[in-house]
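Below is one structure, written out as structure tokens, with a few remarks after it.
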Amino acid sequence: MFWNLPYFTVVILTFIAILTILTKKNLVKVLLGINILESAVNLLIISIGYREGGVAPIFTLAPSTNMVLPTPQALVLTSIVIGVATSALLLSFTMVIYRKYGSVDVEKMRELRE
Amino acid sequence: MITDFVIKNAPILVVAIPLIGAFLCPLVARISPMWRKTWVLGVVTVTSLIAILLASIVLTQGTVIYVFGASTSNLTVPIDSGGIPIRIIFTVDAMSAAMEVIMAMIGFSVILYSMSADQERSSLEQYYTLFLLLICSVMGMVTTGDLFNFFVFLEISSMASAGLVAYRVEKGRAIEAAIKYFIVSTIAAIFFLFAIAILYGQYNALNIAMLAQRLQFTLIDKIALILIVMALSTKCGAVPMHFWTPDAYSLAPSSVTAMLVVVSLASLYALFRFVFTMYGLTLSYVTIGWVLITLGVLSMVIGVTMAIPQKDVQRLIAYQGISQIGYMLLGMGVGLAVLGNPAQLSSFGIIAMEGGIFHIINHAIYEGLLFLTAGSIIYRIGTRDLDKMGGLGHSMKYTMIFFMIGVLAIAGVPPFNGFASKLLIYESVYLFNPVLAIIALVVSILTLASFVKVFHSIFMGPRLLEYAGVREAPLPMLIGMGILAVLIVVFGFFPQVVVNTIVAPAAQALVNQGGYLSVILGGR
Amino acid sequence: MPDFTLFTGSGFWNPIFWFVSIIVALILIYIIYASGEKGYKRGTEQVKPFISGNPEPAKRGVQISAGNLYWGYMDSLRVYYRNLIPLHTGIITDYLLWMFCVTAILLILVVIP
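Protein chains in written order, with numbering that gives the first Met the number 0: chain L, 0 to 113; chain V, 0 to 523; chain S, 0 to 112.
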């Protein structure tokens, strides 16, 4: 039960994120929701790779061979880097939107429709 | 010596050359704009040549695999890894090769077009960096045999295309289009990452072949499948996840839009790759097949009916693009729905899939051509509003001819290439379910109807006073469009040759899951 | 002509006949064009349209623009378009809502059986 705690956290984070994305009107808050969703996935991947009582997967002078999986850590590192780039690009777009439209309300950001 | 090197490393060179070329582009551009032009054109030419070489190798010798970091490039399963292909593997089978060739051709003509269409814009070195990065990412998406690697390429493509969509700020409207596109595709990519996490947690593998071998289709595999289908159908713009498509396509520079079509087709390829090769017969193929068919029919009908009242020429063509995506989903969905029934599969399922794949290839060409012609008109008269255009047929004759070829191809009028693939889809879908074939035919008529409107309001009518000084589009733009127009006519006149050399092997490669697995896992 | 024929499983199609008919059509067009009035001169009174002596309207006035086309079609499908077009709200959260809803529907469809 206790070891399932990360998975419950993932589910809770996912729901918080989806609710944030769908209900908030402020673009920055929507972007925060996206970031929370990203963290939820990262947490899911990293907890998949965890083994009970495992040590870091470095073979040199390892105290035991019961190790956590190295691949999920590599995946999460990559996905965090991608997430940072994504957030940076999204926030810079938001900045220009604010400068041009004078608002970051998603309902005012609808010059393009139909 | 150098040819050996190129042949041996062709799968990675197709991705690596645009990648390196992209990041060297700002450096080269420091020398002079002339160098930048030569550099970009050279990179695209070399990439295209290698892609064609790779396709010829694949079509003559079978699937090519490339293992990163291995002592020999075909050592997929290391001896001490316990039978798991732990390295990233590029797998180029007939389907990937077909996609690569077509992307290389579109990329080449679009860059050629963009050389003069975009030359008056500012900060062109960043523009071409993103452009080459986009080519790199679509090439990677179709070659990779690794789930996570695919995710990385998916994100590169989203980022590069969002940057390109936002390239002209246009009072913030382009930024709005870009942010909509980027938010939707980021969330789609997160869906995909969720699916990767689920599959990795179940089967300890990221390689598509390894996953295909181990898949059980348990409850959470079903969830992963739905997440993958949703992520990729969102990226390719199927209704009802299509809302970003007209926004992004209408505000991007036309050369970028032609490339965005290629990105959506790469996502479509990936959708079929995962559904057919990774899940294959283990999934409930009738349900998923009907899901694809439903998405396809919705895309066809809503896409075309939304296109008719549009006033913005690029937006109209974007809606038409959605409706054409529907044809591919329809063809492939029919193929998937009868995947478990060998008699039906061989009598019409495989033809429907051939039609779908052929339509992907044709769509890339004619949709690209339509966007490029629309772009050259916008370049000359400076407006995208159909109500303000008129009488341009007097001054832009070649553009008019190219546009007419594109229109006839997209509407499925013989003898152009769109007709050949649509005929394959109609006749095979009719055997599956006549109602679907009738819907497809009606949508085709509506497509022609909406383009009659576009054609009339752009080119027909008397020569207008405000466009008296309009001249024909510049030569590089005409060459770029001409390449695509020639391809349309050639593909239209030799459909069976194209089907036999590219399309039928690609359809077989998708159906033959065991063949894909044995190349990666078998024998070594 | 095996190379030209496209076999569709239940039929075939050959573009060569279309090619021939296009050539014939082009020849006909040329014949009609060549048998036109020889005394036509550009830039003279001959080019002006003759509207029973009325003054010629401005070019912009006679151009049928895109908004005026397919009025009948749009009018007969009024109900359909009245429901369809407002769905394209242009609000990004609505786009995402559609995406999540379709995901939920598909999950129910595939996971429940």
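A virtual CB, placed ideally from N, CA and C, is assigned to each residue, including glycine.
Handout entry: Thr-43/S at chain V interface by Cβ criterion, 8 Å
Key = Counting from 1 along the third sequence, the entry for residue 43/S is found at position 44. Thr-43/S does not count as touching chain V.
Exercise for the section: Determine the contact status of Asp-117/V and Leu-123/V, defining contact as a CB-CB distance below 8 Å. Expected result: On the second sequence, position 118 is the one that residue 117/V refers to. On the second sequence, position 124 is the one that residue 123/V refers to. In this structure, Leu-123/V lies closer than 8 Å to Asp-117/V by Cβ.
Problem - 6 Å Cβ shell around Ala-187/V - same chain, five flanking residues per side excluded - result: Your numbering for residue 187/V matches position 188 in the second sequence. Correct list, in chain order: Ala-230, Thr-233 and Lys-234.
Exercise for the section: Answer yes or no: does any C-beta atom of chain S fall closer than 8 Å to that of Ala-299/V? Expected result: Counting from 1 along the second sequence, the entry for residue 299/V is found at position 300. Per the sequence shown, the amino acid found at residue 299/V is Met instead of Ala. So, not an interface residue.
Exercise for the section: Pick helix, strand or coil for Asp-93/S, following the three-state DSSP scheme. Expected result: Within the third sequence, residue 93/S is the residue found at index 94, counting from 1. Three-state DSSP puts Asp-93/S in a helix.
Problem - Where the alpha helix (DSSP H) through Val-183/V begins and ends - result: Counting from one through the second sequence, the residue named residue 183/V turns up at place 184. That run of the alpha helix (DSSP H) goes 172 to 202.
Handout entry: Contact set between Phe-120/S and chain V, taken where Cβ atoms lie within less than 7 Å
Key = Residue 120/S is absent from the structure shown; chain S starts at 0 and stops at 112.
Handout entry: Cutoff 8 Å: Lys-24/L Cβ touching any chain V Cβ
Key = The count along the first sequence starts at 1 and reaches residue 24/L at position 25. It does not; no Cβ of chain V falls within 8 Å.
Practice task
Compare the Cα-Cα distances from Leu-83/S to each of Ile-457/V, Met-459/V and Pro-308/V and report the closest residue.
Solution key: Residue 83/S sits at position 84 when you count from the first residue of the third sequence. For the residues Ile-457/V, Met-459/V and Pro-308/V, the minimum Cα distance to Leu-83/S belongs to Pro-308/V.
Problem - Inter-residue CB distance, Trp-243/V and Tyr-94/S (contact presumed, cutoff 8 Å) - result: Mapped onto the second sequence, residue 243/V falls at position 244. Mapped onto the third sequence, residue 94/S falls at position 95. Going by Cβ atoms, the distance from Trp-243/V to Tyr-94/S rounds to 6 Å, so yes, they are a contact pair.
Handout entry: Residue nearest to Gly-89/S in terms of C-alpha spacing, selected from Thr-8/L, Asn-41/L, Met-108/L and Ile-33/L
Key = Taking the third sequence and counting its residues from 1, the one referred to as residue 89/S is at position 90. That would be Met-108/L, whose Cα lies nearest to the Cα of Gly-89/S.
Exercise for the section: Identify the contact partners of Thr-71/V in chain L, using a Cβ-Cβ distance below 9 Å as the criterion. Expected result: Along the second sequence, one-based indexing puts residue 71/V at 72. Within 9 Å Cβ-Cβ: nothing; Thr-71/V doesn't reach chain L, min ~23 Å.
Exercise for the section: Apply the 10 Å Cβ neighbour rule to Pro-54/S and answer buried if 16 or more other Cβ atoms are within range, or exposed otherwise. Expected result: On the third sequence, residue 54/S is found 55 positions in, with the first residue counted as 1. So Pro-54/S ends up on the exposed side.
Handout entry: Touching by the beta-carbon criterion (3+ pairs, under 8 Å), the segment 396 to 403 of chain V and the segment 280 to 290 of chain V
Key = no
Problem - DSSP three-state assignment for Tyr-326/V, whether helix, strand or coil - result: The sequence position of residue 326/V within the second sequence is 327, counting from 1. Three-state DSSP puts Tyr-326/V in a helix.
Handout entry: Best match in Leu-26/V, Ala-103/V and Gln-212/V for proximity to Ala-54/V [C-alpha to C-alpha]
Key = Start at 1 with the first residue of the second sequence, and residue 54/V comes out as number 55. For Ala-54/V, the nearest C-alpha among the options comes from Ala-103/V.
Handout entry: Alpha-carbon to alpha-carbon, Gly-491/V and Phe-16/S
Key = The residue given as residue 16/S occupies position 17 in the third sequence. The residue given as residue 491/V occupies position 492 in the second sequence. Phe-16/S and Gly-491/V: Cα-Cα distance of roughly 13 Å.
Problem - Cutoff 8 Å: Tyr-515/V Cβ touching any chain S Cβ - result: Numbered from its first residue, the second sequence carries residue 515/V at position 516. Not closer than 8 Å to any Cβ of chain S, the Cβ of Tyr-515/V fails to qualify, so no.
Exercise for the section: Give a yes or no on whether the minimum CB-CB distance between Arg-172/V and chain S is below 8 Å. Expected result: Counting from one through the second sequence, the residue named residue 172/V turns up at place 173. It does not: the Cβ of Arg-172/V has no partner Cβ on chain S nearer than 8 Å.
Practice task
Please look up how many angstroms separate the CB atoms of Gly-53/L and Gln-72/L, rounded, as I've assumed it's under 8 Å.
Solution key: Translated into positions along the first sequence, residue 53/L becomes position 54. Translated into positions along the first sequence, residue 72/L becomes position 73. Going by Cβ atoms, the distance from Gly-53/L to Gln-72/L rounds to 11 Å, so no, they are not a contact pair.
Practice task
Closer than 7 Å by beta-carbon distance: list the chain V residues that pair up with Glu-110/L, in chain order.
Solution key: For the purposes of this step, residue 110/L is identified with residue 111 of the first sequence, where counting begins at 1. In chain order: Arg-172 and Glu-175.
Practice task
List the whole-angstrom C-beta distance separating Ala-16/L from Ile-35/L, where the pair is believed to meet the contact cut-off of C-beta under 8 Å.
Solution key: Against the first sequence, residue 16/L aligns to sequence position 17. Against the first sequence, residue 35/L aligns to sequence position 36. 4 Å between Cβ atoms; contact.
Handout entry: Close beta carbons around Asp-92/V, own chain, < 6 Å, minus the five adjacent residues each side
Key = Here the question's residue 92/V lines up with position 93 in the second sequence. Counting only Cβ-Cβ distances below 6 Å, and skipping sequence neighbours, we find Thr-62 and Ala-508.
Handout entry: Check: Phe-147/V C-beta below 7 Å from any heavy atom of the ligand SAH
Key = Looking at this structure, you won't find the ligand SAH or any other ligand, since it has none at all.
Practice task
Closer than 7 Å, Cβ to Cβ, to anything on chain C: give me those residues from the segment 78 to 92 of chain S, in chain order.
Solution key: Absent from the structure: chain C. Protein chains present are L, V and S.
Practice task
For the alpha helix (DSSP H) holding Ile-437/V, just list the boundary residues, first then last.
Solution key: Indexing the second sequence from 1 puts residue 437/V at position 438. Ile-437/V -> alpha helix (DSSP H) spans 433 to 458.
Exercise for the section: Would you verify that the beta carbon of Leu-36/L is, or is not, closer than 8 Å to some beta carbon of chain S? Expected result: For the purposes of this step, residue 36/L is identified with residue 37 of the first sequence, where counting begins at 1. Chain S, which has no Cβ nearer than 8 Å to the Cβ of Leu-36/L, makes this no.
Practice task
Give a yes or no on whether 8 Å exceeds the smallest Cβ distance from Trp-2/L to chain S.
Solution key: Your numbering for residue 2/L matches position 3 in the first sequence. By this cut-off, Trp-2/L is not an interface position.
Practice task
Would you mind listing the beta strand (DSSP E) stretches within the segment 118 to 168 of chain V that are 3+ residues and don't spill past its ends, in chain order?
Solution key: none
Problem - Residues from the segment 354 to 388 of chain V in contact with chain S, defined by Cβ distance under 9 Å - result: Gly-354, Asp-384, Leu-385, Asp-386, Lys-387 and Met-388
Practice task
Return no unless some Cβ of chain S is closer than 8 Å to the Cβ of Leu-422/V.
Solution key: Numbered from its first residue, the second sequence carries residue 422/V at position 423. At least one chain S Cβ lies under 8 Å of Leu-422/V.
Handout entry: Secondary structure of Asn-41/L, DSSP reduced to three states
Key = Counted from its first residue, the first sequence places residue 41/L at position 42. Helix at Asn-41/L.
Practice task
At 4 residues or longer, and completely inside the segment 23 to 104 of chain V: list those alpha helix (DSSP H) runs for me, N to C.
Solution key: 32 to 60
Handout entry: Option in Ser-46/L, Val-67/L, Lys-28/L and Glu-113/L with minimal Cα separation from Pro-56/L
Key = Start at 1 with the first residue of the first sequence, and residue 56/L comes out as number 57. Cα-wise, what sits closest to Pro-56/L is Val-67/L.
Exercise for the section: Counting only the same chain and skipping the five closest in sequence on each side, list residues whose C-beta sits under 7 Å from that of Phe-107/V. Expected result: Translated into positions along the second sequence, residue 107/V becomes position 108. The residues are Val-43, Thr-44 and Ser-47.
Handout entry: Counterpart residues of Asp-384/V in DSSP-defined beta bridges
Key = Working through the second sequence from its first residue, we reach residue 384/V at position 385. Answer is Asp-311/V.
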